[in-house]
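This report refers to the structure that appears directly beneath it.
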Amino acid sequence: MKLRMAVVVALCVGLVCGIAVTQGYAQGGKITVYNPLGTPPPIEMKAMAPRLNTLDGKTIYLVNTGFPNSGPFMQVVGEWFAANYPKTKIEIRSQGMSNMPPALKEEIGKNADAVLFGLGH
Amino acid sequence: MESEFKIPASAFLIPVFKEQAESVSFTAGMPGIRIQYLQGTVWGLTPEQIKTRIIEGVNKHTGQPMMRELITKLTAPLTAAEQDMTPKKLDVGPATYTDTEENLHKLFLEKRYTDFLPVVLPTKERVDAMLAQTSHDPDAFLGRMHPGSVAGETWTYTVRHAAIAAVMAGAKPEYLPVILAIGSTGQTAVNVSDNGFAAGAIINGKIRDEIGMNYDLGAIGPYAHANTTIGRAWSLLSINGGNCGKVGTTYHGTVGNPANLINVIIAENEEESPWEPFSVRKGFKKDENVVTLLNGWGILSARNWQVTDWSATPTYSKTVQDIYRLQNPGLFGTFVVLSPPIADFIVSEGYNTLEKFNEFVTAPDPNAKPKMPAGAAKPAGDAAAKAKAGAAKPGAGGPGAGGPGGAPKPKVAPNATSGAFGVVVTGGRNNNYWMIGGLAPGTSVSIDAWR
Numbered sequence: 001m002k003l004r005m006a007v008v009v010a011l012c013v014g015l016v017c018g019i020a021v022t023q024g025y026a027q028g029g030k031i032t033v034y035n036p037l038g039t040p041p042p043i044e045m046k047a048m049a050p051r052l053n054t055l056d057g058k059t060i061y062l063v064n065t066g067f068p069n070s071g072p073f074m075q076v077v078g079e080w081f082a083a084n085y086p087k088t089k090i091e092i093r094s095q096g097m098s099n100m101p102p103a104l105k106e107e108i109g110k111n112a113d114a115v116l117f118g119l120g121h
Numbered sequence: 001m002e003s004e005f006k007i008p009a010s011a012f013l014i015p016v017f018k019e020q021a022e023s024v025s026f027t028a029g030m031p032g033i034r035i036q037y038l039q040g041t042v043w044g045l046t047p048e049q050i051k052t053r054i055i056e057g058v059n060k061h062t063g064q065p066m067m068r069e070l071i072t073k074l075t076a077p078l079t080a081a082e083q084d085m086t087p088k089k090l091d092v093g094p095a096t097y098t099d100t101e102e103n104l105h106k107l108f109l110e111k112r113y114t115d116f117l118p119v120v121l122p123t124k125e126r127v128d129a130m131l132a133q134t135s136h137d138p139d140a141f142l143g144r145m146h147p148g149s150v151a152g153e154t155w156t157y158t159v160r161h162a163a164i165a166a167v168m169a170g171a172k173p174e175y176l177p178v179i180l181a182i183g184s185t186g187q188t189a190v191n192v193s194d195n196g197f198a199a200g201a202i203i204n205g206k207i208r209d210e211i212g213m214n215y216d217l218g219a220i221g222p223y224a225h226a227n228t229t230i231g232r233a234w235s236l237l238s239i240n241g242g243n244c245g246k247v248g249t250t251y252h253g254t255v256g257n258p259a260n261l262i263n264v265i266i267a268e269n270e271e272e273s274p275w276e277p278f279s280v281r282k283g284f285k286k287d288e289n290v291v292t293l294l295n296g297w298g299i300l301s302a303r304n305w306q307v308t309d310w311s312a313t314p315t316y317s318k319t320v321q322d323i324y325r326l327q328n329p330g331l332f333g334t335f336v337v338l339s340p341p342i343a344d345f346i347v348s349e350g351y352n353t354l355e356k357f358n359e360f361v362t363a364p365d366p367n368a369k370p371k372m373p374a375g376a377a378k379p380a381g382d383a384a385a386k387a388k389a390g391a392a393k394p395g396a397g398g399p400g401a402g403g404p405g406g407a408p409k410p411k412v413a414p415n416a417t418s419g420a421f422g423v424v425v426t427g428g429r430n431n432n433y434w435m436i437g438g439l440a441p442g443t444s445v446s447i448d449a450w451r
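Top to bottom, those sequences are chains P and L. Per the working numbering, residue 1 is the first one in the first sequence, and the count goes up by one each step. Per the working numbering, residue 1 is the first one in the second sequence, and the count goes up by one each step.
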């Protein structure tokens with residue numbers, strides 16, 4: 001009886017070990033698996049721009065990014081600047097949901113002292 | 001803009017995007033960029049409500065008037081932390097993990113490597129067995145992917161990453177060339193948009209039968225191992241290889257979309273279709289193994305629409321036209337999944353070629369009122385026919401694609417334009433049901449190039 005049990009136990013242990021090996025088990029019931037994550041992009045640090053010491057005489061572009069109600073929102077922002085910073089020039093533009101048109105980018109680079117995008121909903 | 005023109009730049013965002021904005025700013029190399037968060041969404045407010053609630057409102061988190069905060073962001077000198085240019089990198093952890101199976105399953109869940117269903121853990125043995133089905137170097141670049149817009153960074157992944165996703169999804173090794181072909185396009189299955197977009201793929205060619213894809217009853221549902229696990233592998237590759245679908249940073253679907261789990265995988269029923277296969281319309285040879293990617297709103301039963309004809313003898317071509325006109329142009333056009341009996345009805349109604357059917361469906365509506373959602377393209381007619389007419393542009397990415405796949409370049413057809421009309425035939429003959437919705441066909445790639 002004891003001999004039969006010992007044989008059964010030995011066979012079971014052997015079976016489990018066999019499965020463990022084929023399934024990639026290491027010692028101690030542990031297995032090694034791949035990290036599934038891809039490769040993130042390298043980060044290229046970019047310097048922030050100096051801030052403005054005053055808004056008087058400056059030109060701020062408000063760029064409507066085309067999401068629902070962004071247009072009216074930027075209009076109200078523009079009206080607030082007109083009421084509170086009358087010496088600041090506000091230019092409102094629309095770029096739609098796609099990337100900024102090159103002509104608008106060139107215009108901002110040439111004329112703007114600051115730029116505000118809106119909005120992320 | 002801030003780094004290029006050396007001028008202060010800021011953006012108005014609602015607070016729910018804070019985590020995403022910080023993640024994107026970090027990887028863009030300007031973690032300190034000053035963003036102005038609003039009190040809540042602006043969509044749906046009148047200009048007066050915008051003024052009183054938002055512009056003149058007080059930030060409940062800081063106690064400051066919102067516009068005063070904005071002025072400070074434009075004028076307050078940069079802090080030391082904002083001027084810190086110390087190089088930074090994203091840490092994705094070790095290449096492998098060793099632990100008990102139970103603990104690894106927990107780890108994969110905690111790290112959000114899964115779709116919350118059980119996965120097959122990607123041991124070297126299992127991944128190697130998968131990789132044996134392709135001649136490509138496991139470490140070769142396969143694709144680059146972002147979550148669907150510039151709202152997230154672009155990650156890259158290798159052939160091995162796709163094999164890992166395939167193992168995790170429970171796919172059989174013989175499915176790998178299809179999964180690699182999909183991965184090579186760079187199109188995510190899990191778009192970041194708060195719209196909660198769906199993605200899909202049309203499979204053409206003999207490989208449908210070789211790997212046991214279902215194109216009969218229940219064709220686009222989870223009723224075949226190949227269809228289900230290929231779709232799931234695409235989502236898992238998107239989640240892990242492309243870092244997509246991470247709620248709060250790279251996923252913002254307001255309500256979400258259940259299609260993201262296994263996607264809309266369509267093995268075309270070429271044998272029961274009265275027309276040429278979708279891939280042939282995209283410029284490939286008949287019987288060539290091809291996958292064409294789709295993205296958009298998704299599809300649902302044609303019975304959903306008010307214009308559906310419930311009479312005993314409906315005219316299906318007219319119903320397709322009526323639905324097309326209802327949603328034309330739409331951001332993603334109109335995409336029809338016809339069951340074989342419906343396709344036969346349409347042929348019997350006089351449309352024995354898809355050219356004739358396209359012409360009928362997309363004919364200008366004499367009663368149409370102008371309507372064009374922001375960002376929508378003009379209607380373009382049949383997407384596949386358009387693509388076939390154009391010259392092939394190797395390397396073209398699909399809608400939302402981060403870029404083309406790795407070498408050697410598979411045969412690639414050009415993108416279709418959104419606002420198009422597309423047709424594919426699949427499913428069984430047990431009844432007169434069919435599906436329709438908004439899905440734009442994009443890149444088509446050879447599957448055999450990835451064997």
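For glycine and all other residues, C-beta sits at the position ideal for the given N, C-alpha and C. All of these numbers come straight from a predicted model, not from anything done at the bench.
When the alpha-carbon of residue 281 of chain L is set against those of L:443, L:219, L:161, the nearest one is in L:443. Residue range 66–75 is occupied by the alpha helix (DSSP H) that includes residue 70 of chain L. Remark: C-beta atoms of residue 114 of chain P and residue 60 of chain P approach each other more closely than 8 Å. Chain order gives the chain P residues near residue 10 of chain L as 116, where near means a beta carbon separation below 7 Å. Under DSSP, residue 192 of chain L shares a beta bridge with no residue. For residue 44 of chain L, the closest of L:274, L:278, L:53 by C-alpha to C-alpha distance is L:53. Chain L places a beta carbon closer than 8 Å to that of residue 30 of chain P, counting this residue as a contact. Between the alpha carbons of residue 181 of chain L and residue 33 of chain P lies a gap of roughly 24 Å. Cα atoms of residue 52 of chain P and residue 48 of chain L: separation of roughly 30 Å, rounded to the nearest angstrom. Excluding its 5 nearest sequence neighbours in each direction, residue 138 of chain L has C-beta neighbours in its own chain below 6 Å: 131, 159, 160, listed in chain order. With a threshold of 8 Å between beta carbons, residue 104 of chain P makes no contact with chain L.
Taking the Cα of residue 109 of chain L as reference, the smallest distance to any Cα among L:236, L:166, L:163 is reached at L:236. Measuring C-alpha to C-alpha distances from residue 84 of chain L to each of P:87, P:46, P:106, P:90 identifies P:46 as the nearest. Segment contact: the segment 338–357 of chain L against the segment 423–442 of chain L, three or more CB-CB distances shorter than 8 Å; contact assigned. Between residue 327 of chain L and the set L:343, L:68, L:296, the nearest pair of CA atoms involves L:296. Going by DSSP, residue 247 of chain L is part of no alpha helix (DSSP H) at all; its letter is neither H nor E.
For the set L:223, L:353, L:167, the Cα lying nearest the Cα of residue 113 of chain L is the one of L:167. Residue pairing from DSSP places residue 441 of chain L in a beta bridge opposite L:294.
Under the 8 Å Cβ criterion, the segment 170–184 of chain L counts as touching the segment 223–236 of chain L, having at least three qualifying pairs. Checking the DSSP bridge columns, you'll see residue 36 of chain L partnered with L:12. In the DSSP assignment, residue 110 of chain P falls within the unbroken alpha helix (DSSP H) covering 102–111. For the 8 Å CB-CB criterion, residue 283 of chain L and residue 439 of chain L do not form a contact.
When Cβ-Cβ separations below 8 Å define contact, residue 93 of chain P makes no contact with chain L. Counted as a single uninterrupted DSSP element, the beta strand (DSSP E) harbouring residue 89 of chain P occupies residues 89–94. Close CB contacts of residue 222 of chain L within its chain, under the 7 Å cut and outside five residues either way in sequence, are with 228, 262 (chain order). Taken in chain order, the members of the segment 76–93 of chain P whose beta-carbon sits within less than 7 Å of a beta-carbon on chain L are 76, 77, 80. Residue pairing by DSSP places residue 123 of chain L opposite P:33 in a beta bridge. Between the C-alpha atoms of residue 450 of chain L and residue 291 of chain L there is a straight-line separation of about 12 Å. Residue 97 of chain L carries a strand assignment under DSSP once its states are collapsed to helix, strand and coil.
For residue 58 of chain P, same chain residues with a beta-carbon under 8 Å away, outside a window of 5 residues either side, are 52, 88, 89, 113, 114 in chain order. Residue 228 of chain L: member of the alpha helix (DSSP H) spanning 225–240, first to last residue. Chain-ordered listing is empty here: chain P has no CB closer than 8 Å to the CB of residue 330 of chain L, the nearest sitting near 15 Å.
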